[in-house]
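A.B. asks: Once you've had a glance at the structure underneath, I'll fire off some questions.
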Amino acid sequence: MNTHPNGAHEGRPAEPTSVPDDSGLDVVTGAFSYSGRAIAAALLAESRQVRTLTGHPGRASSDTPLDVRPLNFDDASAMVEAMTGATTLYNTYWVRFAHKGVDHDLAVANSRRLFDAASKAGVQRIVHISITHPSIESPWPYFRGKALVEQALTDTGISHAVLRPAILFGGDGVLINNIAWLLRHLPLFAVGGRGDYRVRPIHVDDLGQLCVAKGAERHDCVMDAVGPERPTFMELIAWVRSAIGSKALIVRVPGPLLPPLSRALGLVLRDVLLTREEYETMHGGLADSDGPTTGPTALSSWLIEHGEGLGRRYANELERHF
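Going by the numbering used here, 193 is the number at position 188 of the sequence shown; the sequence numbering is gapless.
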């Protein structure tokens, strides 16, 4: 899923070294992370001033064009102060899976605190990154939590846009890179079930540009953020395999076996490769969409162009976020 569920070799956008003095101010949560980085780059390209609220302020380089503030959900006054004067909040905050006391219930509560602070700060517009097919009735904490956050955003009364991607690629993304890494290093690649469930990936830079476009609007909207292709998961793996020149054999395994296999491999890599929720929801069609294309970059073409560099280094999700 849209992970962050997310290496530099994939084409990270270059950061400008200065910010125009006469530009407007916007706030992006997590601008040193995955989708947040793409949004910040798109805003800077539009000559906006960008302030980031981040849980990793130490990642800022000495010449960053961003105004960096810590993201502390327990300090409401600091969040209000950091967003005062901003026109738009671009929110990418979420957690992919529960870890070390941080779970989806806490992420929902933190999101409510963030939106409340934005309201008190006078933010005029919120662009929020959600997920395809969220539902308050979902048995899956990720999708239920995303739906609850969307409801909390609506309850603020602030003008907003909700964008719902499923799978992201490009930039310093984890998913496609690590699929490539596994195909480079293992003789077999396991696909759960028949592999005929479809996915609708969008390039992270297309998502960033879509966010900025929706930030300039003032009417409320909810839309899927999806690219032009809907490959089956088996097709996606075959595309990656071909792009990197792998000889690994793609094998189908019973669906219930895939999460424990992924968990065992994750223990070796000291990471989380694929959760049961991620597999079950993808298998259930929740990473697909029949909505109109909102990002033009085709994954199949992008893989042909970038295959040589994919999977050269493993991208560890736990090290990035925890």
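Think of the CB as a built atom: it goes at the ideal place given N, C-alpha and C, for glycine as much as any other residue.
Fair warning: this is a prediction, and the values are worked out from it, not measured in the lab.
What are the boundary residues of the alpha helix (DSSP H) that includes Tyr147?
C.D. replies: Element bounds for Tyr147: Pro146 to Thr161.
A.B. asks: Taking three-plus beta-carbon pairs below 8 Å as touching, is the stretch 202 to 217 in contact with the stretch 40 to 57?
C.D. replies: Yes, the stretch 202 to 217 touches the stretch 40 to 57.
A.B. asks: I'd like to check one pair, His165 with Ile207: are the Cβ atoms closer than 8 Å?
C.D. replies: No, the Cβ-Cβ distance between Ile207 and His165 is not below 8 Å.
A.B. asks: What residues are listed by DSSP as bridge partners for Thr59?
C.D. replies: The partner list for Thr59 (beta bridge, DSSP) reads Pro75.
A.B. asks: Between the C-alpha atoms of Asp229 and His133, what's the straight-line distance to the nearest angstrom?
C.D. replies: Taking the straight line joining both Cα atoms gives about 12 Å.
A.B. asks: Within this structure, are the beta carbons of Thr89 and Ala126 separated by less than 8 Å?
C.D. replies: It is a contact, given that the beta carbons lie within the stated cut-off.
A.B. asks: Considering only the alpha carbon of each residue, which of Ala185, Phe120, Phe174 and Ser135 lies closest to Ala157?
C.D. replies: The option with the nearest alpha carbon to Ala157 is Phe120.
A.B. asks: Going along the chain, which residues of its own chain have a beta-carbon closer than 6 Å to the beta-carbon of Val227, five neighbours each way excluded?
C.D. replies: Only Val167 meet the Cβ criterion.
A.B. asks: Using only alpha-carbon positions, find the residue among Asn77, Leu272 and Leu94 that is nearest to His61.
C.D. replies: It is Asn77 whose Cα lies nearest to the Cα of His61.
A.B. asks: My output table needs one value for Ile249: the three-state DSSP class, helix, strand or coil.
C.D. replies: In the structure shown, Ile249 sits in a helix (DSSP, three-state: H, G or I).
A.B. asks: What distance in whole Å lies between the Cβ atoms of Leu193 and Tyr39, which are believed to be in contact at a cut-off of 8 Å?
C.D. replies: Contact doesn't hold; Cβ gap of about 28 Å is too wide.
A.B. asks: Please work out which residues of its chain come closer than 6 Å, Cβ to Cβ, to Arg235, disregarding the five sequence neighbours upstream and downstream, and give them in chain order.
C.D. replies: Only Arg203 and Arg205 meet the Cβ criterion.
A.B. asks: For His109, count neighbouring C-beta atoms within 10 Å of its own C-beta (all shown protein chains included) and say buried if the count is 16 or more, exposed if not.
C.D. replies: The residue is buried, with at least 16 neighbouring Cβ atoms inside 10 Å.
A.B. asks: Measuring CB to CB, does Ile249 end up less than 8 Å from Leu315?
C.D. replies: Closer than 8 Å, so yes.
A.B. asks: Based on DSSP bridge pairs, tell me the residues matched to Thr237.
C.D. replies: Answer is Arg203, bridged to Thr237.
A.B. asks: Whose C-beta lies closer than 7 Å to the C-beta of Arg325 among residues of the same chain, with five residues either side of it excluded?
C.D. replies: Nothing listed; no residue qualifies.
A.B. asks: Go through the stretch 258 to 326 residue by residue and report every complete run of the alpha helix (DSSP H) that reaches 4 residues or more, in order.
C.D. replies: Whole alpha helix (DSSP H) segments, 4+ residues: 263 to 274, 281 to 288, 304 to 311 and 322 to 326.
A.B. asks: Any idea if His311 is buried or exposed, counting beta-carbon neighbours within 10 angstroms, 16 or more meaning buried?
C.D. replies: Answer is buried; the Cβ neighbour count reaches 16.
A.B. asks: On the DSSP bridge list, what partners appear for Pro113?
C.D. replies: The sequence shown places Val at residue 113, rather than the Pro named in the question. Its beta-bridge partners do not exist; DSSP assigns none.
A.B. asks: What does a CB cutoff of less than 6 Å around Leu279 pick up in its chain, not counting 5 residues either side in sequence?
C.D. replies: If we look at Leu279 and ignore the five residues flanking it on each side, its Cβ neighbours are Ser267.
A.B. asks: On the criterion of 16 or more Cβ atoms from any shown chain inside 10 Å, does Leu308 qualify as buried, or is it exposed?
C.D. replies: Buried.
A.B. asks: Could you check how far apart the C-beta atoms of Ala303 and Gly232 are, in whole angstroms? I think they sit under 8 Å.
C.D. replies: Confirmed, Cβ separation roughly 7 Å.
A.B. asks: Mapping the DSSP letters down to three states, classify Leu94 as helix, strand or coil.
C.D. replies: In the structure shown, Leu94 sits in a strand (DSSP, three-state: E or B).
A.B. asks: Compare the beta carbon distance of Thr93 and Gly220 with 8 Å and say whether it is the shorter of the two.
C.D. replies: A contact, by the Cβ cut-off of 8 Å.
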